[in-house]
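Numbering (this note's numbering), first residue to last: -2 to 115. Comments concern the structure below.
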């Protein structure tokens, strides 16, 4: 992953977390994301940094939200699967949104795909 790709992915993490935590200031969310991102500066393999940053930042923001009784939104693309399964992988959600269609891994939960129907 290039530095530009990583920067764009981190910006998208901030966007997603801002949607998920609408009652928190975007600047605060960006600060949390930057702190988590900074903790991974020494890593040599950069491909998974955005995923790790998002998971760590989401965990911190959820904890803050619980402690302050802040509302946490569940955007449709991040909502748990109907059968109570785990949250979709953030990288899979991002890939699907870039491609403009759902993922075969989630059976079209993120949208329909002509590829999935072939």
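The C-beta atom is built at its ideal place from N, Cα and C for all residues, glycine as well.
Going straight from the alpha carbon of residue 34 to that of residue 63, what length do you get?
For residue 34 and residue 63, the distance between alpha carbons rounds to 23 Å.
First through last residue of the alpha helix (DSSP H) which encompasses residue 35:
Where residue 35 is concerned, the enclosing alpha helix (DSSP H) stretches over 23 to 35.
For residue 37, which residues from the same chain have a beta carbon less than 8 Å from its beta carbon, with the 5 sequence-adjacent residues on both sides left out?
Hits under 8 Å: 46, 49, 50.
In three-state DSSP terms, what is residue 75?
Note that residue 75 scores 49 on pLDDT, short of 50, meaning its location in the model is unreliable; the coordinates nonetheless yield the value given after this. It is helical.
Can you look up residue 108 in the DSSP assignment and give me helix, strand or coil?
Unreliable placement is indicated for residue 108, whose pLDDT of 48 sits below 50; no coordinate value is reported for it.
How should residue 60 be labelled, buried or exposed, when 16 other C-beta atoms within 10 angstroms of its C-beta is the threshold for buried?
Residue 60 counts as exposed, since fewer than 16 other beta carbons sit within 10 angstroms of its beta carbon.
Let's test the definition: count the other Cβ atoms within 10 Å of the Cβ of residue 56 and tell me whether it reaches 16, buried, or not, exposed.
Residue environment analysis places residue 56 among the exposed positions, since fewer than 16 neighbouring C-beta atoms fall within 10 angstroms of its C-beta.
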